[in-house]
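Colleague: The opening residue of the sequence shown carries number 1 in full-length UniProt numbering; numbering runs sequentially from there. For each residue, glycine too, the CB sits at the ideal point set by N, CA and C.
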Amino acid sequence: MDTIRLINIVWVFVASCLVMFMQAGFAILETGFTRSKNANNVLMKNLMDFCIGSIAFFVLGFGLMFGNDAGGIIGTSGFINPTGLNLQAFKDLSPTVYLFFQTVFCATAATIVSGAMAERTKFKAYLLYTLIISLCIYPVSGHWIWGGGWLAKLGFVDYAGSAAVHTVGGVAALMGAIALGPRIGKYNKDGSSNAIPGHNIPLGALGVFVLWFCWFGFNPGSSLEAATYVGHTALTTNLAACTATIVTMFVTWYRYGKPDISMTLNGTLAGLVAITAGCHVIDYYGSIIVGAVSGVLVVFGIELLDKKFHIDDPVGAVGVHCLNGIWGTIAVGLFATKTPVTSAVTGLFYGGGFKQLGIQLLGITAVVLWVGITSFIMFKVIAKTMGLRASAQEELGGLDIGEHGSQAYPEFITK
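In structure tokens form, the structure reads like this:
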């Protein structure tokens, strides 16, 4: 094995480890942004979705996503033993490293859902829908985008997963929150919304910093090689995140009279999500614009879902991942230009016309429809069979006691 291939393998493996550690970031972010009586439940869900998703993706999901193409829709080979596939990525890296890299991306999509459905979902229902998302919902649309499917053939661009990962997770989270309904006490009879603060904002902030750090595996690692241009993807990723954070801070400062820490933390994630699709084809100033729009979109998006549509999302997962996953995918069609990575794609604002924008709009619409329809049906079937929502008694008492018979903070009275 030549030295360059060995270096590439090491780089992708390190990037994969960073993406895997995003599970820790999501776990502590969601724990901090929810109430203390549900802390163990949130942690258990984030632990189990990685474990269940990894096995499901290995056995079936990877083959559906990267197996031999059938009509541009699904893969039809590589089941049970995915390392036996004849993929170019296997030749450039190694079968096991590439499989591990794709596994941790699948786990990220699955774990996004738990935040929007926190504090009122049955644990056994969570295990089942995590299995289904990892087994088939994520891999099918992933095949369209990354597995040589119909969107890839059209020239759809989604470098590291604004659509393939974040929109998939965000749309599934939206459907889950709708199917569940709001938490007890969230809305009044007149339709007004009550704030239900998380119990540990410092823990939530740490989760955001962990995710931010791990995103430098998520985006630059998608190069699949230790090339000089990974610096470009890292820089655009960071610029978008910083800009989104600053803009969110000022928007909340203007709207609420004080700069809001919870929303500003979500602004950081919104910028990261949005730049993920085009971090390689968007230049530095384009990434700043993408981040600025994200900072506005996350505030008004979360407010709209909460106050207008009465969709209860305890951590803002839909506003961060769904809305900004869609925005980031569309942004490629607007801001793509010649960069150190590629000059093959040009957006509307850089003289490329409407072609790429049209492809991006078609692709993101297809992903939203696929995930929205399949996940909503899944949640409704689960609700009608085993039940999706915990009992009112368990919800009021806390899912830690109701579902797990333990407390995260046994020395204190939790609420």
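Is the CB-CB distance between L272 and W215 below 7 Å?
Modeller: Residue 272 sits at position 272 when you count from the first residue of the sequence shown. Residue 215 sits at position 215 when you count from the first residue of the sequence shown. It is a contact, given that the beta carbons lie within the stated cut-off.
Colleague: How about the region 51–66 and the region 88–105: do they share at least three Cβ pairs that are nearer than 8 Å?
Modeller: With a cut-off of 8 Å, the region 88–105 and the region 51–66 count as touching, because enough Cβ pairs lie within range.
Colleague: Could you tell me whether the region 156–174 touches the region 275–292, where touching means 3 or more Cβ pairs closer than 8 Å?
Modeller: As far as the Cβ criterion goes, the region 156–174 touches the region 275–292, which means the pair count is three or higher.
Colleague: Since A39 contacts A408 with CB under 8 Å, what's their CB separation in whole angstroms?
Modeller: In the sequence shown, the residue the question calls residue 39 occupies position 39. In the sequence shown, the residue the question calls residue 408 occupies position 408. 4 Å between Cβ atoms; contact.
Colleague: So, with DSSP's three-state summary, where would you put R255?
Modeller: Stepping through the sequence shown from its first residue, residue 255 is reached at position 255. DSSP places R255 in helix when its eight states are reduced to three.
Colleague: Counting only the same chain and skipping the five closest in sequence on each side, list residues whose C-beta sits under 7 Å from that of F354.
Modeller: Here residue 354 is taken as the residue at index 354 of the sequence shown, counted from 1. The answer, listed in chain order, is L348.
Colleague: By DSSP's criteria, T121 is part of a beta bridge. Which residues make up the other side?
Modeller: By one-based count along the sequence shown, residue 121 stands at place 121. Paired residues: R389.
Colleague: According to DSSP, simplified to helix, strand and coil, what is A408?
Modeller: Here residue 408 refers to the residue found at position 408 of the sequence shown. A408: coil per DSSP, three-state reduction.
Colleague: I'd like to know whether the C-beta atoms of H310 and Y187 end up nearer to each other than 7 Å.
Modeller: Taking the sequence shown and counting its residues from 1, the one referred to as residue 310 is at position 310. Taking the sequence shown and counting its residues from 1, the one referred to as residue 187 is at position 187. The answer is yes: Cβ separation under 7 Å.
Colleague: Per DSSP, Y187 forms a beta bridge with which residues?
Modeller: On the sequence shown, residue 187 is found 187 positions in, with the first residue counted as 1. Answer is S193, bridged to Y187.
Colleague: Rounding to the nearest angstrom, what Cα-Cα distance links Y126 and L135 in this structure?
Modeller: For the purposes of this step, residue 126 is identified with residue 126 of the sequence shown, where counting begins at 1. For the purposes of this step, residue 135 is identified with residue 135 of the sequence shown, where counting begins at 1. Near 14 Å, if we compare the C-alpha coordinates of L135 and Y126.
Colleague: Closest by CA to P340, which one among L235, I145, L151?
Modeller: Working through the sequence shown from its first residue, we reach residue 340 at position 340. The shortest Cα separation from P340 among L235, I145, L151 belongs to L235.
Colleague: Flag this pair as yes or no: are the beta carbons of G291 and A366 separated by less than 7 Å?
Modeller: For the purposes of this step, residue 291 is taken as the residue at position 291 of the sequence shown. For the purposes of this step, residue 366 is taken as the residue at position 366 of the sequence shown. No, the Cβ-Cβ distance between G291 and A366 is not below 7 Å.
Colleague: Under 7 Å, do M175 and S375 count as touching if we go by C-beta distance?
Modeller: Mapped onto the sequence shown, residue 175 falls at position 175. Mapped onto the sequence shown, residue 375 falls at position 375. Yes, the Cβ-Cβ distance between M175 and S375 is below 7 Å.
Colleague: Tell whether a beta-carbon distance below 7 Å holds between T233 and N219.
Modeller: The sequence position of residue 233 within the sequence shown is 233, counting from 1. The sequence position of residue 219 within the sequence shown is 219, counting from 1. For T233 and N219, yes; Cβs fall inside 7 Å.
Colleague: Measure the alpha-carbon distance for K350 versus F335 and round it to whole angstroms.
Modeller: Position 350 of the sequence shown holds residue 350. Position 335 of the sequence shown holds residue 335. Position check: residue 350 holds Tyr in this sequence, whereas Lys was assumed. If you take the alpha carbons of Y350 and F335, they lie about 7 Å apart.
Colleague: In the structure shown, what three-state DSSP assignment does I282 receive?
Modeller: Start at 1 with the first residue of the sequence shown, and residue 282 comes out as number 282. In the structure shown, I282 sits in a strand (DSSP, three-state: E or B).
Colleague: Measuring alpha carbon to alpha carbon, tell me which of M22, S36, F156 ends up nearest L344.
Modeller: As a first step, residue 344 is located in the sequence shown; it is residue number 344 there, counting from the start. Note on residue identity: the sequence assigns Ala, not Leu, to residue 344. Here the closest residue by C-alpha is F156.
Colleague: Thinking just about the alpha-carbon of each residue, which of G207, G147, G25, R183 is nearest to the one in Q88?
Modeller: Taking the sequence shown and counting its residues from 1, one reaches residue 88 at position 88. Of the candidates G207, G147, G25, R183, the one whose C-alpha sits nearest the C-alpha of Q88 is G147.
Colleague: Among the candidates G181, V298, G25, whose CA atom is the shortest distance from the CA of residue 424?
Modeller: Since the first residue of the chain shown is 1 and the last is 415, residue 424 is not available in this structure.
Colleague: Output the distance between the C-alpha atoms of N194 and G316, rounded to the nearest integer angstrom.
Modeller: Here residue 194 corresponds to residue number 194 of the sequence shown, with the count starting at 1. Here residue 316 corresponds to residue number 316 of the sequence shown, with the count starting at 1. Taking the straight line from one Cα to the other gives about 15 Å.
Colleague: Compare the C-alpha of L265 against each of G198, E225, T337 and name the closest.
Modeller: On the sequence shown, position 265 is the one that residue 265 refers to. Nearest C-alpha to L265: G198.
Colleague: Hey, quick one: how far does the alpha helix (DSSP H) through L224 stretch, first residue to last?
Modeller: For the purposes of this step, residue 224 is identified with residue 224 of the sequence shown, where counting begins at 1. Premise fails: L224 is in no alpha helix (DSSP H) and is neither H nor E.
Colleague: Within a Cβ cutoff of 6 Å, which residues of the same chain sit near W11, ignoring the five residues on either side of it in sequence?
Modeller: The residue given as residue 11 occupies position 11 in the sequence shown. Closer than 6 Å at the Cβ level, and outside the excluded window around W11, lie A226.
Colleague: Specify, as a first and last residue, the run of the alpha helix (DSSP H) that V19 falls within.
Modeller: Translated into the one-based positions of the sequence shown, residue 19 becomes position 19. That run of the alpha helix (DSSP H) goes 3–20.
Colleague: Look at the alpha carbon of N324 and the alpha carbon of P82, and state the distance between them as a whole number of angstroms.
Modeller: Here residue 324 refers to the residue found at position 324 when the sequence shown is read from its first residue. Here residue 82 refers to the residue found at position 82 when the sequence shown is read from its first residue. Roughly 32 Å separates the two Cα atoms.
Colleague: Helix, strand or coil for I137 per DSSP?
Modeller: Walking along the sequence shown from the start, residue 137 turns up at place 137. Three-state result, I137: helix.
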